[in-house]
Structure formats: structure tokens, C-alpha cells
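In the working numbering, the protein residues as written are 774 to 848.
Built from N, CA and C at the ideal position, the CB exists for glycine as well.
Everything on this sheet refers to the single structure shown next.
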């Protein structure tokens with residue numbers, strides 16, 4: 774398993790430690806943080822990558838110039 778180090782204010786560190794201990798859901802602060810990151814990623818998916826956006830723009834421009842074919846023409 775990889776690791777990521779983050780710096781948080783002292784009061785946040787205490788809050789995380791207390792929450793992990795008092796909630797009974799987490800065996801450690803690391804487990805709590807992994808869960809928090811998973812939930813963040815699930816709730817806020819990443820937008821398309823820059824490459825995907827560029828490719829979509831190219832496709833749209835080609836379509837507007839008539840540089841496209843229908844599905845029937847592909848067969």
C-alpha cells in the first residue's frame with residue numbers, strides 16, 4: 774500500500790483523532806482518512822482530462838466542417 778503525507782492544523786489533527794476513536798467505525802486515523810478520500814472521489818468525480826476535452830473539441834470542429842460519416846457509411 775502506498776502512502777501520502779499531509780499537513781493539517783493542530784486542531785484538525787485532534788478532531789480527526791477524536792472522531793476516529795469516538796465513532797467506533799475506524800481502527801485508525803489512516804482508515805478514517807482513506808474513507809474520507811474515497812467518499813470525496815465518489816461524490817465529486819473528476820472532470821474530463823485536458824486530453825479528452827481537446828479531443829472532443831477537435832471532433833466537434835470536424836463535424837461542423839462536414840468531416841464526418843454516418844454509421845451507415847461505416848459498414
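Q.
Taking the alpha helix (DSSP H) that residue 789 belongs to, which residues open and close that run?
A. 783-796
Q. Around the C-beta of residue 849, are 16 or more other C-beta atoms found within 10 angstroms, so that it is buried, or is it exposed?
A. This structure does not reach residue 849, given that the chain is present from 774 up to 848, and the question cannot be answered.
Q: List the endpoints of the continuous alpha helix (DSSP H) containing residue 806.
A: 802-816
Q. Helix, strand or coil for residue 827 per DSSP?
A. helix
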